[in-house]
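Engineer: Add 1104 to a position in the sequence shown, counting from 1, and you land on the number used in my numbering. Right, I'll just put the structure down here and ask away after.
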Amino acid sequence: MRIIAGVAKGRRLATLRTLALRPTPARVREALFNILGDRICDAHVADLFAGTGAFGLEALSRGAGRVVFVEVHEPACRVIAKNLRVCGLTERASVWQIDALKALPLLKAAGETFDLIFLDPPYQTPLVEDTLEQLEDGVLLAPEGRVVAEHFFKRTLQDQYGRLSRVRVARSGDVALSFYHAIGR
1105 MRIIAGVAKG RRLATLRTLA LRPTPARVRE ALFNILGDRI CDAHVADLFA GTGAFGLEAL
1165 SRGAGRVVFV EVHEPACRVI AKNLRVCGLT ERASVWQIDA LKALPLLKAA GETFDLIFLD
1225 PPYQTPLVED TLEQLEDGVL LAPEGRVVAE HFFKRTLQDQ YGRLSRVRVA RSGDVALSFY
1285 HAIGR
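Listed below in structure tokens is the structure:
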């Protein structure tokens, strides 16, 4: 697995040899960043269920201002930290070793807001819906912020979770990306 574009383009990323982690494929990351375009420049990003950190690392390489990686598994957090060092991107990142659903209230309490929140929980769990429900008040989103949920294409997500409204769905193979923004802001 490699960084696709930006200052760390071509850098090989360390991974974990476990079936529990499913890094976002390069073709999906490329499609996502093509959709996001210039939105990523200087963006404050949260990478929830970060795994090896491929999405957040790609965002930093492409000019994101800051990325908060949230991952519960300690070995994966070590891999994220290693990848940040290898890519020279440690100064604009923080790694939180905590369950994403427990991190969200802490981020809210700290007054954090994000231009982009990316979530890629394990496909076989209800965590994508649970996370969208926790994000439904839109408090963690900056005024033009977006939530992007990666999920299995056959999984049906709601068009609306509280103030979050789905504005787009993109598909690449078995992977779907649902884009949400907060309404009423």
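Built from N, CA and C at the ideal position, the CB exists for glycine as well. Predicted, not measured: the structure shown is a model, and the values here were computed from it.
Do the segment 1208-1219 and the segment 1177-1189 meet, that is, are 3 or more Cβ pairs less than 8 Å apart?
Structural biologist: No contact exists between the segment 1208-1219 and the segment 1177-1189.
Engineer: Quick check: the segment 1221-1240 against the segment 1185-1200, are there 3 or more CB pairs under 8 Å?
Structural biologist: Segments in contact, no.
Engineer: Less than 8 Å between the C-beta atoms of VAL1132 and SER1276, yes or no?
Structural biologist: Yes, they are a contact pair.
Engineer: Would VAL1251 pass as a contact of TYR1284 if the rule is Cβ separation under 8 Å?
Structural biologist: Yes, these two residues count as a Cβ contact at 8 Å.
Engineer: Inspect the CB distances between the segment 1255-1268 and the segment 1110-1122 and report whether three or more fall short of 8 Å.
Structural biologist: As far as the Cβ criterion goes, the segment 1255-1268 does not touch the segment 1110-1122, which means the pair count is below three.
Engineer: Give the straight-line distance between the Cα atoms of LEU1123 and VAL1271, rounded to the nearest whole angstrom.
Structural biologist: Because the pLDDT of LEU1123 is 48, which lies under 50, any placement of that residue in the model is unreliable, and the question is left without a value.
Engineer: Looking only at C-alpha atoms, which of ILE1287, GLU1240, PRO1179 and ALA1147 sits nearest to SER1165?
Structural biologist: Checked all of ILE1287, GLU1240, PRO1179 and ALA1147; the closest Cα to SER1165 is ALA1147.
Engineer: State the beta-bridge partners of PHE1153 as determined by DSSP.
Structural biologist: PHE1153 pairs with nothing; no bridge assigned.
Engineer: Would you report the Cα separation of PHE1173 and VAL1149, rounded to the nearest angstrom?
Structural biologist: Cα to Cα, the separation comes out at about 9 Å.
Engineer: Exposed or buried, THR1156, counting other C-beta atoms within 10 Å across all chains shown (16 or more means buried)?
Structural biologist: So THR1156 counts as buried.
Engineer: Note down the Cα distance separating GLY1266 from GLU1240, rounded to an integer number of angstroms.
Structural biologist: GLY1266 and GLU1240: Cα-Cα distance of roughly 5 Å.
Engineer: Ignoring anything shorter than 3 residues or poking outside the segment 1132-1205, list the beta strand (DSSP E) runs there in chain order.
Structural biologist: 1148-1152, 1170-1175 and 1197-1201, all fully within the segment 1132-1205.
Engineer: Please look up how many angstroms separate the CB atoms of SER1282 and ALA1246, rounded, as I've assumed it's under 8 Å.
Structural biologist: 19 Å between Cβ atoms; not a contact.
Engineer: Tell me, to the nearest whole angstrom, how far the beta carbon of ILE1139 is from that of ALA1168; I am working on the premise that it is less than 8 Å.
Structural biologist: Going by Cβ atoms, the distance from ILE1139 to ALA1168 rounds to 15 Å, so no, they are not a contact pair.
Engineer: Would GLU1175 pass as a contact of PHE1153 if the rule is Cβ separation under 8 Å?
Structural biologist: Yes, the pair counts as a contact, with Cβ atoms nearer than the cut-off.
Engineer: According to DSSP, is GLU1248 part of a helix, a strand, or is it coil?
Structural biologist: Here GLU1248 sits in strand by DSSP.
Engineer: Is it right to say ASP1219 is buried, meaning 16 or more other beta carbons lie within 10 angstroms of its own, or is it exposed?
Structural biologist: Buried is the call here.
Engineer: Considering just the uninterrupted stretch of the alpha helix (DSSP H) at VAL1232, what are its terminal residues?
Structural biologist: Taken as a continuous stretch (DSSP letters only), the alpha helix (DSSP H) holding VAL1232 covers 1231-1239.
Engineer: For my contact list, LEU1136 and LEU1161 are in at a C-beta cut-off of 8 Å; report their separation, rounded to the angstrom.
Structural biologist: Contact doesn't hold; Cβ gap of about 13 Å is too wide.
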